[in-house]
Ligand SMILES: Cc1ncc(COP(=O)(O)O)c(C=O)c1O
């Protein structure tokens with residue numbers, strides 16, 4: 008692609024994101040935390056509340072049915088996006104954290120016995136760690152940790168060596184929110200299934216960056232958040248295989264998740280409603296549907312090409328900065344747009360503040376992955392994370408700002 012073609016494509020895409028378009032002074036590079044929203048997503052929310060708003064799944068009047076249709080159409084859009092077999096397998100939640108809590112709580116009630124083991128990796132986001140810690144405590148099970156090599160990779164041998172006769176559940180991220188490394192979830196799920204182990208994948212960082220097909224991956228559960236893939240905050244998804252979801256007790260109790268209630272007891276609604284207690288976030292679901300439509304319109308070929316190009320540039324520029332140490336894979340294409348680093352002698356909070364003064368937005372801290380930080384021997388790091396709407400110019404601004412950080416802190420080299 009020529010420079011002109013790329014800048015025309017940049018403009019075409021960035022015009023669709025009002026915040027980015029109206030604020031060229033900001034280089035937004037915290038996309039792993041949350042993404043910016045295209046106008047079509049913002050408009051879809053407005054459209055839902057102006058045209059279709061009523062309490063879905065409840066009223067028998069036309070407007071409520073319209074709201075129900077909008078909500079269920081969004082569920083079908085998610086089903087197709089993930090390649091799931093049935094909409095019964097798509098549960099709307101608030102975010103990936105709630106999806107993982109749901110599977111850890113209800114799944115452990117159904118499938119975990121005292122003495123069993125849960126295997127996770129040391130690089131899990133706290134949202135895919137604490138729910139399992141708590142499940143293990145509640146069920147008298149043990150929580151074990153897989154440790155990667157120095158690039159963050161987990162080989163098949165390493166994986167298998169941690170599986171024991173007692174392993175009942177494996178829960179791990181597809182792409183690390185700190186290292187950007189992608190695990191071969193399809194193969195690891197296959198190895199787990201050969202041993203009758205349930206496989207839970209955290210897709211919070213993968214769904215925004217790579218096409219996912221849950222049936223091809225063969226995972227039993229898959230969790231993600233809408234807000235990290237252009238959709239509004241407050242809507243997330245748990246995919247689960249129907250047979251497993253059917254065996255699990257509800258996670259939350261109340262309206263809409265029941266079939267029949269007496270003074271003493273209750274029976275549960277069919278899937279997926281059994282896991283969706285109370286009034287749902289229909290507007291959020293509609294927004295997620297619009298985000299999926301946007302992904303389909305722009306196309307994975309464009310997204311993958313742009314992110315790979317920006318990742319190569321980021322790797323080249325950041326690797327050339329003295330005293331900057333990049334964590335994770337050595338190859339740019341293995342970072343999936345996530346670049347986490349330290350700069351000798353400078354606290355990550357100072358780095359983020361210096362960059363912020365130049366309009367460059369990055370994240371500093373433990374990235375909700377404290378055990379990984381302990382494993383790597385650093386309490387905190389700085390992370391720049393890219394999305395397809397970022398530009399070469401923004402990566403250049405990041406690199407130039409980082410190159411000046413030590414001087415601003417008074418170092419002479
Ligand atoms: C890998 C991973 N899992 C889970 C989460 C939790 O997502 P949320 O805060 O949207 O629930 C995050 C958020 O950064 C993440 O990066």
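Residue numbers (the numbering used here): 8 to 420.
Note that the Cβ used here is the ideal one computed from N, Cα and C, for glycine as well.
Every residue whose beta carbon comes nearer than 5 Å to a heavy atom of ligand 1 appears here in chain order: 102, 103, 104, 132, 134, 180, 184, 209, 211, 212 and 232. When secondary structure is reduced to three states using DSSP, residue 408 falls in the helix class. Under the three-state reduction of DSSP, residue 266 is assigned to strand. DSSP, read as helix, strand or coil, puts residue 75 in helix. The Cβ-Cβ distance between residue 219 and residue 345 does not fall below 9 Å. For residue 189, the secondary structure class from DSSP, reduced to helix, strand or coil, is strand. Contact annotation: residue 95 and residue 245 have beta-carbon atoms that are not nearer than 9 Å.
With respect to the C-alpha of residue 315, the residue from 217, 169 and 160 having the closest C-alpha is 217.
For residue 250, the enclosing alpha helix (DSSP H) starts and ends at 249-254.
Secondary structure in the stretch 133-211: the beta strand (DSSP E) runs of 3 residues or longer, each lying completely within the stretch, are 149-153, 174-180 and 205-209 in chain order. Judged by their CB atoms, residue 229 and residue 243 are not nearer to each other than the 9 Å cut-off. Taking C-alpha positions only, residue 98 is separated from residue 280 by approximately 8 Å. One alpha carbon belongs to residue 300, the other to residue 49, and they sit about 13 Å apart. Closest by C-alpha distance to residue 335, out of 250, 179, 177 and 161, is 161.
Residue 8 sits exposed, since fewer than 16 C-beta atoms from the chains shown fall within 10 Å of its C-beta. No residue range can be given for residue 36, since it is assigned to no beta strand (DSSP E) and is classified by DSSP as neither H nor E.
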